[in-house]
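Sequence order for the protein chains is P and Z.
Counting in my numbering, the first sequence runs from 1 upward without gaps.
Counting in my numbering, the second sequence runs from 301 upward without gaps.
As structure tokens, the structure follows; a few thoughts come after it.
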Amino acid sequence: MPDIWFFIEVLVGGLLSGIMYSLVALGFVLIYKASSVFNFAQGAMVFFAVLTFVGVMELGLPFWAALPVAIGVMVLVGMATERFVLRPLVSQSEDTLLMATIGLSFVIEGVAQLAWGVDVRNLDLGIRDEPINWVMDKTGMLISQLDITAGIVASVMVASLALLFSRTKVGRGLRAVADDHTAALSIGIPLKHIWMLVWATAGVVALVAGMLWGARSGVQFALVWVALKALPVLIIGGFTSVPGVIVAGLLVGASEKVVEVYIGPKFGGGVEVWFPYVLAVLFLLVRPEGLFGEKIIRRV
Amino acid sequence: MFYREAGQFRTSYAQDSQIFPLRQDRIGIAIILIAAVLLPFVANAYWLSAILIPWLVLSLVALGQNILMGYAGQLSLGSAGFMAVGAFACYNLILRVEGIPFVVAVALSGVCAALVGIVFGLPSLRIRGLYLAVATLASQFFIVWALDKFPWFKNYDPAGVITAQPIIMFGHNFASPREKYWVVLAIVAVLALLAKNMARGSVGRGWMAVRDMDVAAEAMGLSLLRTKLQAFAISSFYCGVGGALFAFAYLQTVEPSAFTIELSFRILFMVIIGGLGTIMGSFLGAGFILLMPIFLNVFFHGVFGQSVDAGVISAVEQVIFGVMIITFLIYEPLGLARVWQLTKERLRLWPFKH
């Protein structure tokens, strides 16, 4: 196999796994945009969502029945979060809210394990994590079907979220709340409903992300750490930008894999653990608000 | 009734600027210190090595985190990384420098951690808030990775888990838990006093000015570069010393995998629950976070017997832990230190309400 094909294989593999990071980061952006909360519990929500889905399927429900149940549970989690964590903490600083969501992640992880146990489970979506034959025959590249599916799913989700934000009444409400929630409240936008809706949507995004990750690496506690990988994606893209996380996800995924394959062996591997963070720091040194984040003007 | 300042007049500047202006406080702190020194004579080895030593060590680290987060307002999620630097620096110093006293090695490992802290603090000049918090995760992951991958740090030890050298000072081997406890207590007491004085002096005022509004602080002539990097350096120094003590006096092993991001989060919680921007809060928070799992464990075994699955207990613990953090943030965002302060206010007025 010529080197260039190998490079393209690494690159495409990286880009596609980057899409999966973007999918997790998308949940962060949704919540941050609407309520200025940096939701550290997103990773726990990913874990909880897919664990619930698999758990319900184990109880004997078919795929298409388990999906709405899992969505329903995630909506409930979102509503409970709004009611019991966000509402009492309204108008607190961003740091306080971040810490509250770290606490929330402990609760969600604990509840998930209490409800469904700690075993590693397999999730069969009917899409195999195997190379596509004809690509392999033509070029010798190994590109997984699951990655391609993830790419398509992520594109669909981003497109529909973009439509939701820009074309619907709810979306306009969301953007108004994001801009200035007191002003939005004063013109009669129901803040509580909007927040519940956002958390519920983030829960659904978490479910989708969790299902794709779960199909790849098994439904297990380690899914919580996927969220940590989504953080550099998030800060490179900017907290408030949906296109930003997609571009940043691609960037992080691709560069991480290329660096791991070409430079990693010189240091005994494992470079991809920290590389995205260092990349993110370097990026922020040039653009402190991320690629597409809103420019922050600070006044005294 | 007994706790009030009536009749105590400050007649000199020295009296006015002392750390504990109230006589009752001075007596209280003296009693606590004496009790802390004499404690090993009543506590058994389990208490010393499983609770008191880690409590003191983690208090020190929480103090470091508190300096950065509570006083200087720079949210950091990478304190375990700096602890790892301290632990490995201490290991290598004792290994490579013949006959170095333990205290000197610990101090120098703090300095190493401070230097690393300055490097990882550089982004704080450009980035702030949540972006900075994520950027500090880079230090966490990079440091632990580097210590794991470059065998020089581990002296080419293939096992990865290194036994810490004995604590030797002035020709004496501090081997028993009791002696280790005294070493830790002495170091922590000195550094806590230092921190208290830094916090109430010009250094601390600079930090707090930057925390409250950095643009305003700069306009008042404070160098942001100096103040922020100073905070990062001193905070990392405390974390580094804490890390060295954590490895040498508590774990007795030196390994990168002890300094995970979970540890960083635990330290973060100690500071939040204890109280941001207070010295005492670091000690209270560390005690709370350390003792709570032990307490819950004993409690659940007491209630349900040994039949309960350990996994269930740890999950329940996790839930309670999370709920407590959220509850604290909602009802007492200023932490245990604030609770103590309110209690003192009440005591001063007792038996009256107002």
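For each residue, glycine too, the CB sits at the ideal point set by N, CA and C.
C-beta atoms of residue i and residue j nearer than 9 Å
| i | j | result |
| --- | --- | --- |
| A100(P) | I625(Z) | yes |
| S312(Z) | G378(Z) | no |
| F537(Z) | G417(Z) | yes |
| A49(P) | G203(P) | yes |
| G575(Z) | A389(Z) | no |
| I246(P) | F283(P) | no |
| R304(Z) | R648(Z) | yes |
| V403(Z) | I487(Z) | yes |
| V56(P) | A70(P) | yes |
| G210(P) | L51(P) | yes |
| W445(Z) | W274(P) | yes |
| F221(P) | V75(P) | no |
| V357(Z) | G542(Z) | yes |
| T96(P) | L161(P) | no |
Residue nearest to residue i in terms of C-alpha spacing, selected from the options
| i | options | result |
| --- | --- | --- |
| R83(P) | S144(P), V29(P), W199(P) and V118(P) | W199(P) |
| G307(Z) | I594(Z), L322(Z), N366(Z) and L363(Z) | L322(Z) |
| V616(Z) | I462(Z), P593(Z) and E562(Z) | P593(Z) |
| L395(Z) | I334(Z), I468(Z) and G364(Z) | I468(Z) |
| A549(Z) | V337(Z), I367(Z) and V406(Z) | V406(Z) |
| V90(P) | G55(P), A183(P), S35(P) and F106(P) | S35(P) |
| A41(P) | A25(P), G55(P) and G72(P) | A25(P) |
| V208(P) | V261(P), L11(P), I19(P) and F275(P) | I19(P) |
| R287(P) | A215(P), G237(P) and S93(P) | G237(P) |
| M508(Z) | L494(Z), L333(Z), K528(Z) and L590(Z) | K528(Z) |
| P466(Z) | S564(Z), L494(Z) and I400(Z) | I400(Z) |
| N366(Z) | M498(Z), R648(Z) and H654(Z) | M498(Z) |
| G373(Z) | A330(Z), S502(Z), A433(Z) and H601(Z) | A433(Z) |
| D448(Z) | W650(Z), S557(Z), I332(Z) and R511(Z) | S557(Z) |
| N252(Z) | L333(Z), M513(Z), I620(Z) and L393(Z) | In the structure as shown, chain Z starts at 301 and stops at 654, and residue 252(Z) therefore has no counterpart that could be examined. |
| F532(Z) | S502(Z), T436(Z) and A489(Z) | T436(Z) |
| W347(Z) | L360(Z), M383(Z), R326(Z) and S476(Z) | S476(Z) |
| E555(Z) | H654(Z), F453(Z) and F583(Z) | F453(Z) |
| Q145(P) | Y277(P), G173(P) and L16(P) | L16(P) |
Integer-rounded CB distance, given that residue j should sit under 8 Å from residue i
| i | j | result |
| --- | --- | --- |
| A544(Z) | S409(Z) | 5 Å |
| G43(P) | A227(P) | 2 Å |
| A154(P) | S22(P) | 6 Å |
| F474(Z) | V483(Z) | 5 Å |
| A637(Z) | G581(Z) | 3 Å |
| M570(Z) | A413(Z) | Not a contact, Cβ separation roughly 18 Å. |
| G251(P) | L430(Z) | The sequence as given places Leu at residue 251(P); Gly does not occur at that position. L251(P) to L430(Z), Cβ: 20 Å. No contact. |
| F292(P) | G218(P) | In fact, because the Cβ distance is near 34 Å, the residues do not count as touching under 8 Å. |
| I443(Z) | V385(Z) | 6 Å |
| Y32(P) | F239(P) | 5 Å |
CB contact check: residue i to chain Z, cutoff 9 Å
| i | result |
| --- | --- |
| W274(P) | yes |
| Y277(P) | yes |
| T96(P) | yes |
| E109(P) | yes |
| P302(P) | Residue 302(P) is absent from the model: chain P starts at 1 and stops at 300. |
| I102(P) | yes |
| F292(P) | no |
| G203(P) | no |
is_contact[residue i, chain P] using C-beta, thresh 9 Å
| i | result |
| --- | --- |
| L629(Z) | yes |
| R426(Z) | yes |
| K449(Z) | yes |
| W445(Z) | yes |
| M624(Z) | yes |
| V619(Z) | yes |
| I572(Z) | yes |
| A558(Z) | no |
| V616(Z) | yes |
| P423(Z) | yes |
| Y431(Z) | yes |
| L568(Z) | yes |
Per-residue burial, residue i [other beta carbons within 10 Å of its own, 16 or more giving buried]
| i | result |
| --- | --- |
| L525(Z) | exposed |
| T578(Z) | buried |
| R566(Z) | buried |
| P423(Z) | buried |
| T182(P) | exposed |
| F47(P) | buried |
| E9(P) | buried |
| V156(P) | exposed |
| Q315(Z) | exposed |
| T168(P) | exposed |
Residue i CB to nearest heavy atom of the ligand FMN below 8 Å
| i | result |
| --- | --- |
| F283(P) | Within the structure as shown, the ligand FMN is missing, as the structure has no ligands at all. |
Can you list, in chain order, the residues of the segment 171-194 of chain P whose Cβ is nearer than 8 Å to any Cβ on chain B?
Structure shown: chain B not included; protein chains present are P and Z.
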